[in-house]
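If you count the sequence shown from 1, position 367 lands on 367 in full-length UniProt numbering, and the numbers rise without skipping. C-beta: ideal position from N, C-alpha, C; glycine also. Working notes for the structure below.
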Amino acid sequence: MNTVVDTALIQSLDSAHFLHPFTDFKDLNGRGARVITRAEGVYVWDSEGHRILDCMSGLWCVNAGYGRKELADAAHQQMMTLPYYNSFFQTTNVPAVQLAAKLASLAPDVGDRSFQHVFYSSSGSESNDSNVRMVRRYWDLLGQPQRKVIISRNNAYHGSTMAGASLGGMSGMHAQGDLPIPNITHIEQPYYFENGLPGETAEEFGVRAAGWLEEKILAVGPDKVAAFIAEPVQGAGGVIIPPSTYWPEIQRIVDKYGILLISDEVICAFGRLGHWFGYEKFGYKPDLVTFAKAITSGYMPLGGVMVGNRVAKVLIEQGGEFNHGYTYSGHPVACAVGLANLEIMEREQLPQKVHGEIGAYFAQRYAELNDHPLVGVAETCGFVGGLVLVKDKARKTRFHGDDGVGMICRGHCFQNGLIMRAVGDRMIIAPPLIMTRADIDEMMRLIYLALDLTQTELKARGLL
Ligand code: PMP
């Protein structure tokens, strides 16, 4: 395919017509967007011919890597057979059924919460809106309509719709939309580096951080709480990896008060943490699992909710009509691509790879960053990694929010052919699961280069 483009023309049309998500429009128009034109394997190319190692898998989604002809073929074939039909009025389609059955077979049994059912959407945000609707419907059907409150966490990301952004704990998002909507409340995240007390071990902190959920349940009133929602590892918030004691204690608390547990696995499912689902990694038992992104490796928009038996039973056996759904729920092309993508992941054993030797190598190499003078702590979980940039390593002194250290470092990454994302003073990665040892070595070389250049620039600016 011809990928030669007139960069200046595309940039000017971009400024004139395309309002980008999560973007300062004026600022972007002033500098011009980088035009990404093609991709293959673990690399993307821009319109100026620069090759960039994509260590964010697009936006946490291209788990099987770029250039998969099988996925294009699956889409082509399904478009020519049945490009679209709805599933509202007692009709169904083959790929949607097959994918739901496949997901049910991949989700490990967690007792009365085992996952036999799927509700489809086209994105993570929509899926979390569906969660809110489903959770409330569940409690209504059980004769407890007063159970409305959903507890989430500060700095969580659960989407950008009104309900998704409300569930999320991003203060900047709340400020712009009069959010959260009623009956959604937040507790602090389990961020040991930031909130651990002097002398407190990570394990002790994990139990204390989970205890904030119990405090909140008691403050709200246990009979008013419907559910707790959380990401297994907080992704967009900066790859906040909970201590090993956190999830078991959360499980104990949700069980004690009989509230539903929603695991938002839009990032953590499909091999990202070395398992098909993130809850397997931490060994907890959710009632609802949000998925999107890597279900198709990002090749088609598709999301949904895995509905555990405890909830599904009530919705199916006690419910009348559930007044909720989307035009594209169970879209045949998206589902066909999802099926083909899961086939690739199974055949190439991508979750097992992350769980096994290549994941161990990734963890070992990334941990070496702990020796860099600019790094407060560097941690991984499966194929996600996060590090915090610090002013004074020994004292763990953070930079000032306005210093923009993350964006400085991100600039050096991009400039040298590496995509690493900045979240405040944290630098994060989530590379495609197909990374080889050689790719990991190249990634590490580029990360060190970017960190060294950042250090030099910070010194020159008087910030170090
Ligand atoms: N939940 C989580 C955990 C996410 O990371 C995201 C997206 N980054 C979403 C929900 C929202 O997904 P989408 O952008 O597809 O609506």
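Per-residue DSSP class, three states only, for residue i
| i | result |
| --- | --- |
| glycine 124 | helix |
| residue 539 | Nothing can be reported for residue 539: it is not among the residues displayed for the chain, which extend from 1 to 464. |
| alanine 226 | strand |
| isoleucine 241 | coil |
| cysteine 61 | coil |
| histidine 17 | helix |
| tyrosine 43 | strand |
| aspartate 6 | coil |
| threonine 397 | strand |
| lysine 353 | helix |
| lysine 148 | coil |
| tyrosine 66 | strand |
| threonine 454 | helix |
| alanine 378 | strand |
| aspartate 24 | coil |
| isoleucine 408 | helix |
| phenylalanine 205 | helix |
| glycine 169 | coil |
| arginine 388 | Correcting the residue identity first, residue 388 is valine in this sequence and not arginine. Valine 388: strand per DSSP, three-state reduction. |
| valine 118 | strand |
| methionine 443 | helix |
| isoleucine 358 | helix |
| arginine 153 | strand |
| isoleucine 344 | helix |
| leucine 464 | coil |
Reference residue i; option with closest CA among the options
| i | options | result |
| --- | --- | --- |
| cysteine 55 | Cys268, Pro242, Ala100, Pro431 | Pro431 |
| asparagine 416 | Asp46, Phe22, Ser15 | Asp46 |
| isoleucine 253 | Ile408, Leu218, Val405, Ala367 | Leu218 |
| aspartate 223 | Gly238, Ile344, Glu280, Trp139 | Trp139 |
| tyrosine 299 | Asn309, Ala8, His50, Asn63 | Asn63 |
| glycine 338 | Arg31, Gln116, Tyr120 | Tyr120 |
| phenylalanine 129 | Arg272, Gly304, Val207 | The sequence as given places aspartate at residue 129; phenylalanine does not occur at that position. Measuring from the Cα of aspartate 129, the nearest candidate turns out to be Gly304. |
| valine 289 | Val311, Asp452, Gln90 | Val311 |
| arginine 68 | Phe399, Arg426, Lys391, Ile344 | Ile344 |
| valine 118 | Asp287, Thr37, Leu53 | Asp287 |
| glycine 411 | Gly238, Leu458, Ser57 | Leu458 |
| asparagine 382 | Asp371, Tyr366, Asn370, Thr397 | The residue asked about is misnamed: residue 382 is glycine in this sequence, not asparagine. Considering only alpha carbons, the answer is Tyr366. |
| glycine 238 | Ile429, Asp14, Phe18 | Ile429 |
| glutamate 194 | Thr23, Ala209, Leu141, Gly32 | Ala209 |
| isoleucine 241 | Gln116, Tyr43, Ser329, Phe282 | Phe282 |
| tyrosine 246 | Gly258, Ala292, Gly196 | Gly196 |
| tyrosine 192 | Pro332, Ile181, Ala202, Ser57 | Ala202 |
| histidine 372 | Asp392, Thr380, Tyr361 | Asp392 |
Other residues of its chain near residue i: CB distance less than 7 Å, five sequence neighbours each side excluded
| i | result |
| --- | --- |
| lysine 403 | Before going on, a small fix: residue 403 reads as aspartate here, not lysine. Around aspartate 403: Leu463. |
| phenylalanine 88 | Gly325 |
| leucine 213 | Ile151, Ile187, Phe228, Ile250, Ile253 |
| arginine 51 | Tyr43, Trp45, Gly417 |
| methionine 444 | Arg365 |
Residues of its chain near residue i, where Cβ-Cβ distance is below 6 Å and the 5 sequence neighbours each way are ignored
| i | result |
| --- | --- |
| valine 110 | Lys285 |
| isoleucine 267 | Trp60, Gly235 |
| methionine 407 | Ala422 |
| arginine 133 | His324 |
| serine 15 | Asn29 |
| valine 405 | Leu389, Phe399, Asp425 |
| leucine 374 | Leu389, Leu451, Gln455 |
| histidine 158 | Asn128, Gly164, Leu167, Gly168, Asp264 |
| lysine 108 | Going by the sequence as given, residue 108 is proline instead of lysine. Correct list, in chain order: Glu280. |
Same chain, Cβ closer than 8 Å to residue i, five either side skipped, listed in chain order
| i | result |
| --- | --- |
| glutamate 249 | Gly206, Val207, Ala210, Gly211 |
| leucine 141 | Val314, Leu315, Gln318, Gly319 |
Residue i Cβ short of 7 Å to the ligand SAM heavy atom set
| i | result |
| --- | --- |
| aspartate 441 | Because the ligand SAM does not appear in the structure shown, any question about it cannot be addressed here, the ligands present being the ligand PMP. |
Unbroken stretches of the beta strand (DSSP E), 3 residues or longer, contained in the region 245-325:
260-264, 288-291, 303-308
Ordered list of alpha helix (DSSP H) runs contained in the region 171-199, each at least 4 residues
171-177, 192-195
Taking 7 Å as the limit, tell me which residues put their C-beta closer than that to any heavy atom of the ligand PMP, in chain order.
Leu59, Trp60, Ser123, Gly124, Ser125, Glu126, Asn128, Tyr157, His158, Gly159, Ser160, Gly164, Glu231, Gly235, Ala236, Asp264, Val266, Ile267, Thr290, Ala292, Lys293, Gly303
Please list the segments of the alpha helix (DSSP H) lying wholly inside the region 65-109, counting only runs of 4 or more residues, in order along the chain.
69-81, 94-106
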